[in-house]
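Input: a single structure, listed below in structure tokens.
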Amino acid sequence: DQHRGWFHSSILTAVGTREAAPYNAVLTHGYVVDAQGKKMSKSLGNIVAPSEVIDKYGAEILRLWVSASDYRDDIRISDKFLKQLSDAYRRIRNTCRFLLGNLSDFNPEKNLVPYESMPDIDRFAMHRLSELIEKTRKAYDTYEFHLVYHALYNYCTLDLSAFYLDILKDRLYTSPPNSVERRCAQTVMYNMLDSMVRLMAPILSFTAEEIWRFMPEKKEKAESVHLASLPEVKENIKDEKLAEKWERLLAIRSEVTKALEKARAEKHIGHPLDAAVTISCSKANHDILSQYADDLKSIFIVSKASLTTGKKLIDAYESQEIKGLSVKVEVAEGDKCMRCWIHEPSVGESFDHPAICSRCRQVLDRIAREEPV
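For the sequence shown, this note's numbering assigns the number 24 to the initial residue and increments by one for each residue that follows.
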């Protein structure tokens, strides 16, 4: 109706009188329909008033529903779908809250760590962030707002909650406050939050503004997130070779997680940190894993991780996804450190700190010698 009527008549009138179109582009969407795909009408009693959605879920959920819908088809709205979006919104908000909470002592004016000084996992996280920025900016430019929502949600769920932030917790909670390893983590998290809040601002306007007000201050920070520009893609933090290597690492990590879940279901372990894993794999995968030998227990979130090549492991989990990969899960040796939760034979060796491991003991000694933050 709109194409035959208003759009058509307005362009004919404008071209005839001004020799120019009255608009640069026209974006149209399908009908808003109910859960069964029926057009809304008073007679059917299936009209959903925006005010009712706002009263029940809040204005952010209504905005998220609009942006999450592919307007090229008819747009469905139902209580079930709004609840799903409410859960997705909560995931995005909670991820931002975690980032914000762990930046409480971070000053971007003096605590930022240069990209060149970061470990590989942090560089990979920065690469993923650059991909998010690129994908989201392109979606905005082409009016594909549903892709913005999906990109942000998947980033929070898969890249952050299920991977990077999960691994990062040990570094954040057990390292000395001013240590390079902790400041590296905070630098990445600051970049993530700074970019995410600007990317979500056109959609989750109130949430973005609330986060912006509590973000660490820096000289060039805009008064409002809505006065800040969208983040630019930084080519210097894109590293395709590193990303390819870490994609293989993540695939192996996924298989290790399956092995841990199987051991947990069989009551061999209660928590992944109760476990020590031995990994047998092909030479190609061994070459990648061996580069991170000292970090594997952090990447897999276990107390100990060992490697072997081509060796047959007894009672091991055999991967169906990666040829030649098997993972043996055993109970880790040593008692549980009350500070980092890792099982370590060194727990109990210290007279002054009998409940913690040697690593945590060294950290506490470093903290005692440091100036207050």
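Virtual Cβ for every residue (Gly too), placed ideally from N, Cα, C.
These figures come from a predicted structure and were not determined experimentally.
Hey, residue i and residue j are a contact pair by Cβ (cut 8 Å); roughly how many whole angstroms apart?
| i | j | result |
| --- | --- | --- |
| His-150 | Ile-302 | Rounded, the Cβ-Cβ distance is 25 Å, inconsistent with contact. |
| Thr-230 | Glu-75 | In fact, because the Cβ distance is near 21 Å, the residues do not count as touching under 8 Å. |
| Asp-193 | Ser-321 | 6 Å |
| Ser-184 | Thr-118 | 6 Å |
| Met-215 | Leu-152 | 6 Å |
| Glu-232 | Ala-299 | About 47 Å; that fails the 8 Å criterion. |
| Ala-339 | Asp-297 | Not quite, the Cβ-Cβ distance comes to about 17 Å (not below 8 Å), so this is no contact. |
| Phe-168 | Ile-77 | That belief does not hold up - the Cβ atoms of Phe-168 and Ile-77 are roughly 19 Å apart, past 8 Å. |
| Leu-123 | Met-238 | 7 Å |
Any idea which residues DSSP pairs residue i with across the strands?
| i | result |
| --- | --- |
| Cys-304 | Thr-332 |
| Ala-298 | Val-354 |
| Ile-98 | Val-55 |
| Ser-349 | Ser-303 and Glu-341 |
| Glu-367 | Asp-358 |
| Lys-327 | Ala-299 |
| Lys-241 | Bridge partners of Lys-241: none, in fact. |
| Lys-62 | Val-56 |
Do residue j and residue i count as a contact pair if the criterion is CB distance below 8 Å?
| i | j | result |
| --- | --- | --- |
| Pro-368 | Lys-241 | no |
| Tyr-172 | Ala-91 | yes |
| Pro-45 | Ser-33 | yes |
| Val-370 | Asp-358 | yes |
| Ala-58 | Arg-99 | yes |
| Ala-282 | Val-350 | yes |
| Val-386 | Pro-142 | no |
| Asp-97 | Gly-60 | yes |
| Ile-365 | Cys-380 | yes |
| Phe-129 | Gln-209 | yes |
| Ala-162 | Ala-174 | yes |
| Ser-313 | Leu-330 | yes |
| Arg-86 | Ser-202 | no |
| Tyr-166 | Leu-50 | yes |
| Phe-323 | Arg-276 | yes |
| Ala-266 | Tyr-176 | no |
By Cβ distance, which residues of its chain are closer than 7 Å to residue i, with the 5 residues on each side in sequence left out?
| i | result |
| --- | --- |
| Tyr-80 | Leu-105 and Ser-109 |
| Glu-278 | Ser-342, Glu-344, Ile-345, Leu-348 and Val-350 |
| Gly-39 | none |
| Lys-257 | Ser-153 |
| Lys-268 | Ile-311 |
| Arg-392 | none |
Whose C-beta lies closer than 8 Å to the C-beta of residue i among residues of the same chain, with five residues either side of it excluded?
| i | result |
| --- | --- |
| Pro-395 | Here the model assigns Pro-395 a pLDDT of 49, short of 50, so the residue's position is not dependable, and the following value carries that caveat. Closer than 8 Å at the Cβ level, and outside the excluded window around Pro-395, lies no residue. |
| Arg-271 | Asn-308 and Ile-311 |
| Cys-383 | Thr-197, Cys-360, Arg-362, Cys-363 and His-376 |
| Ala-43 | Ala-37 |
| Ala-274 | Glu-344 and Ile-345 |
| Tyr-315 | Asp-143, Leu-272 and Ile-322 |
| Pro-73 | Leu-85 |
| Ile-292 | Leu-283, Ala-286, Ala-298, Val-352 and Val-354 |
| Lys-62 | Tyr-54 and Val-56 |
| Asp-217 | Met-238 and Pro-254 |
CB-CB under 6 Å to residue i, same chain, minus the five flanking residues each way: which ones, in chain order?
| i | result |
| --- | --- |
| Asp-145 | Cys-207 and Val-211 |
| Trp-235 | Val-220 and Val-248 |
| Glu-246 | none |
| Cys-179 | Arg-114, Ile-115 and Thr-118 |
| Val-71 | Ile-100 |
| Leu-135 | Thr-210 |
| Phe-30 | Val-49 |
| Thr-159 | Val-171, Ala-174 and Leu-222 |
| Ala-328 | Val-300, Leu-319 and Lys-320 |
Hey, is residue i close to the ligand FAD, as in C-beta under 7 Å from one of its heavy atoms?
| i | result |
| --- | --- |
| Glu-255 | Among the components modelled here there is no ligand, and therefore nothing to report on the ligand FAD. |
Report yes or no: is there a C-beta of chain C within less than 8 Å of the C-beta of residue i?
| i | result |
| --- | --- |
| Glu-263 | Of the chains in the structure shown, none is chain C; there is only one protein chain. |
Specify whether the segment 243–256 and the segment 214–225 touch according to this definition: at least 3 beta carbon pairs, one from each stretch, less than 8 Å apart. yes
For the structure I just gave you, are there three or more beta carbon pairs, one from the segment 36–54 and one from the segment 184–191, closer than 8 Å? no
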